[in-house]
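Visitor:
Residue numbers (my numbering): 152 to 543.
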């Protein structure tokens with residue numbers, strides 16, 4: 152049995168009465184689209200009969216075995232529907248007499264048509280993912296990244312009288328404000344109260360942060376011998392283009408004025424630091440992995456590569472290429488919605504790439520390729536439905 156990990160639960164509404172559920176199971180359109188949940192391949196199931204005592208006779212693959220005498224079936228009408236059934240009696244291989252327990256319907260309809268694809272038509276490759284996640288909420292920074300900060304501080308230590316590169320903590324109100332706003336603190340001359348005024352909206356307004364404590368803060372800088380001060384945030388840009396101000400570069404001069412050119416230099420150094428962190432923290436895996444099914448909004452991928460299996464389950468999302476046959480790679484950011492392992496240890500990941508995370512031009516190319524595939528699949532479904540009606 153596969154081990155499933157759902158990262159984002161669907162929003163459901165209960166189907167309240169047993170008669171409503173049974174009527175749904177009698178609906179021919181719904182019956183023709185039923186499958187078993189939590190099977191590695193999409194395993195079909197058929198409602199063979201509904202008895203007078205309102206029990207349900209189900210037929211599925213002869214090798215299927217319910218877990219804890221519970222079967223969950225699902226299907227699509229206008230929305231996604233799940234039905235829970237308890238097995239009352241096993242009448243033969245893949246043949247079960249069941250009692251309906253409950254049912255629920257998704258509050259929103261599925262966004263896009265999903266269909267299976269073969270490896271000769273499309274594959275996933277060139278996975279770029281972080282080895283470690285920087286948690287903004289609790290600032291759990293991996294040791295390897297802290298080492299990079301220390302090394303970088305050593306490299307730039309001669310650029311001012313005092314140089315510090317460290318994690319942005321929230322205990323100090325000034326550092327907390329820098330973390331919150333992403334703005335730079337620049338005090339050109341601590342001996343001049345006018346220097347506390349921000350030059351524009353990109354600079355921190357220290358008076359707004361400290362209020363009545365502002366003058367005391369300035370005098371403390373003077374007492375320490377700090378003539379000119381720059382504290383600039385290090386903005387780490389994640390794969391999905393979120394900006395995280397997680398660290399800072401501080402430069403202090405005890406004698407000379409640090410000019411605006413120095414502020415720009417510090418900002419440039421922060422970009423170089425981010426590049427160092429990204430290079431050290433990003434893994435590129437170029438192996439081909441199978442796409443099981445695909446839609447305009449996402450894919451399900453079968454992961455066999457050991458490094459991908461190790462790191463992918465720890466990350467929120469990743470950048471990868473989708474390569475259709477005879478087409479240039481399409482680079483997309485995917486957010487993981489669910490994962491599970493099969494009995495052989497392969498990892499399956501449901502990936503959602505709808506939204507603003509992926510580059511617009513790339514998504515346009517993706518839509519242009521998948522649109523005719525979707526039309527072909529819909530035509531196939533219609534042909535199969537017409538054939539079943541003729542046979543019925």
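Quick reminder that beta carbons are idealized off the backbone N, C-alpha and C, glycines included.
Cα separation between residue 503 and residue 464?
Guide: Mapped onto the chain shown, residue 503 falls at position 352. Mapped onto the chain shown, residue 464 falls at position 313. Straight-line Cα distance between these residues: approximately 15 Å.
Visitor: Fully enclosed by the region 171-231, which alpha helix (DSSP H) runs are 4 residues long or longer?
Guide: 179-182
Visitor: Out of 312, 486, 456 and 495, which has the shortest C-alpha to C-alpha gap to residue 408?
Guide: As a working note, residue 408 is residue 257 in the chain shown. The shortest Cα separation from residue 408 among 312, 486, 456 and 495 belongs to 312.
Visitor: Please report the distance separating the alpha-carbon of residue 469 from that of residue 434.
Guide: Within the chain shown, the letter at position 318 stands for residue 469. Within the chain shown, the letter at position 283 stands for residue 434. Computed Cα separation, rounded: 10 Å.
Visitor: Let me check one thing: in DSSP terms, what residues is residue 402 bridge-paired to?
Guide: Mapped onto the chain shown, residue 402 falls at position 251. According to DSSP, residue 402 bridges with 314 and 381.
Visitor: In the structure shown, what three-state DSSP assignment does residue 168 receive?
Guide: Indexing the chain shown from 1 puts residue 168 at position 17. Coil at residue 168, not helix or strand.
Visitor: Could you check which residue in 368, 324, 332 and 335 has the C-alpha nearest to that of residue 344?
Guide: Residue numbering aside, residue 344 sits at position 193 when the chain shown is read from its first letter. Residue 344 has its Cα closest to that of 368, out of 368, 324, 332 and 335.
Visitor: Which residue from 439, 394, 341 and 350 puts its Cα closest to that of residue 371?
Guide: Numbered from 1 along the chain shown, position 220 holds the residue referred to as residue 371. Distance from the Cα of residue 371 is smallest, within the candidate group 439, 394, 341 and 350, for 341.
Visitor: Using DSSP's beta-bridge definition, name the partner residues of residue 469.
Guide: On the chain shown, residue 469 is found 318 positions in, with the first residue counted as 1. The partner list for residue 469 (beta bridge, DSSP) reads 485.
Visitor: Judging by CA-CA distance, which residue of 445, 443, 169 and 487 is the nearest neighbour of residue 462?
Guide: Taking the first residue of the chain shown as position 1, residue 462 is located at position 311. When C-alpha distances from residue 462 are compared across 445, 443, 169 and 487, the shortest belongs to 487.
Visitor: Roughly how far, in whole angstroms, is the beta-carbon of residue 185 from the beta-carbon of residue 215, given that I think they are within contact range, below 8 Å?
Guide: Position 34 of the chain shown, counted from the first residue, corresponds to residue 185. Position 64 of the chain shown, counted from the first residue, corresponds to residue 215. About 13 Å; that fails the 8 Å criterion.
Visitor: In whole angstroms, what separates the C-alpha of residue 529 from that of residue 163?
Guide: Against the chain shown, residue 529 aligns to sequence position 378. Against the chain shown, residue 163 aligns to sequence position 12. Each residue's Cα considered, the two are about 27 Å apart.
Visitor: Looking at residue 251: is its Cβ nearer than 8 Å to the Cβ of residue 172?
Guide: For this step, residue 251 is matched to residue 100 along the chain shown. For this step, residue 172 is matched to residue 21 along the chain shown. For residue 251 and residue 172, yes; Cβs fall inside 8 Å.
Visitor: Can you give me the start and stop residues for the beta strand (DSSP E) that residue 500 sits inside?
Guide: Locating residue 500 in the chain shown gives position 349, where the first residue counts as 1. From DSSP, the beta strand (DSSP E) with residue 500 extends over 498-503.
Visitor: Could you tell me which of 447, 217 and 282 sits nearest to residue 459, measuring between CA atoms?
Guide: Residue numbering aside, residue 459 sits at position 308 when the chain shown is read from its first letter. Looking at the Cα atoms, 282 is the closest of the given residues.
Visitor: Enumerate in chain order the residues of its own chain whose CB-to-CB distance from residue 501 is below 6 Å, with the five nearest sequence positions on each side excluded.
Guide: Sequence index remark: in the chain shown, residue 501 carries index 350 (1-based). Same-chain partners within the cutoff: 451, 488 and 489.
Visitor: Within 10 angstroms of the Cβ of residue 320, are there 16 or more other Cβ atoms? Answer buried if so, exposed if not.
Guide: Here residue 320 corresponds to residue number 169 of the chain shown, with the count starting at 1. So residue 320 counts as exposed.
Visitor: Could you have a look at residue 548 and say whether DSSP puts it in helix, strand or coil?
Guide: Here the chain comprises residues numbered 152 to 543, so residue 548 is not present and cannot be evaluated.
Visitor: Distance check for residue 437 and residue 419, CA to CA, integer angstroms please.
Guide: Residue 419 sits at position 268 when you count from the first residue of the chain shown. Residue 437 sits at position 286 when you count from the first residue of the chain shown. Rounded to whole angstroms, residue 419 to residue 437 spans 31 Å at the Cα level.
Visitor: Alpha carbon to alpha carbon, how far is residue 421 from residue 445?
Guide: By 1-based counting over the chain shown, the position of residue 421 is 270. By 1-based counting over the chain shown, the position of residue 445 is 294. Between residue 421 and residue 445, the C-alpha separation is close to 39 Å.
Visitor: So what's residue 529 in DSSP terms, helix, strand or just coil?
Guide: Taking the chain shown and counting its residues from 1, one reaches residue 529 at position 378. In this structure, DSSP gives residue 529 a helical state, which the three-state scheme calls helix.
Visitor: Give me the residue from 203, 276 and 427 with the minimum Cα distance to residue 485.
Guide: Locating residue 485 in the chain shown gives position 334, where the first residue counts as 1. Cα-wise, what sits closest to residue 485 is 276.
Visitor: On the three-state DSSP scale, how would you describe residue 245?
Guide: Start at 1 with the first residue of the chain shown, and residue 245 comes out as number 94. Reduced to three states, the DSSP call for residue 245 is coil.
Visitor: Alpha carbon to alpha carbon, how far is residue 236 from residue 219?
Guide: Counted from its first residue, the chain shown places residue 236 at position 85. Counted from its first residue, the chain shown places residue 219 at position 68. So the two alpha carbons sit approximately 11 Å from each other.
Visitor: Taking only the alpha-carbon atoms, compute the straight-line gap between residue 466 and residue 279 and give it to the nearest angstrom.
Guide: What you label residue 466 is simply residue 315 of the chain shown in a count that begins at 1. What you label residue 279 is simply residue 128 of the chain shown in a count that begins at 1. About 11 Å.
Visitor: What does residue 332 pair with, by DSSP beta-bridge criteria?
Guide: Against the chain shown, residue 332 aligns to sequence position 181. DSSP, once it has assigned bridges, lists no residue as partnering residue 332.
Visitor: With DSSP as the reference, please indicate the residues paired to residue 276 in a beta bridge.
Guide: If you number the chain shown from 1, residue 276 lands on position 125. For residue 276, which the question treats as bridged, DSSP gives the partners 472.
Visitor: Would you say residue 246 and residue 233 are within 8 Å of each other, going by their C-beta atoms?
Guide: Indexing the chain shown from 1 puts residue 246 at position 95. Indexing the chain shown from 1 puts residue 233 at position 82. Contact: no.
Visitor: Determine, using beta carbons only, whether residue 417 and residue 381 come nearer to each other than 8 Å.
Guide: The residue labelled residue 417 in the question sits at position 266 within the chain shown. The residue labelled residue 381 in the question sits at position 230 within the chain shown. Going by C-beta atoms, residue 417 is nearer than 8 Å to residue 381.
Visitor: If you draw a straight line from the C-alpha of residue 535 to the C-alpha of residue 267, how long is it?
Guide: Numbered from 1 along the chain shown, position 384 holds the residue referred to as residue 535. Numbered from 1 along the chain shown, position 116 holds the residue referred to as residue 267. About 16 Å.
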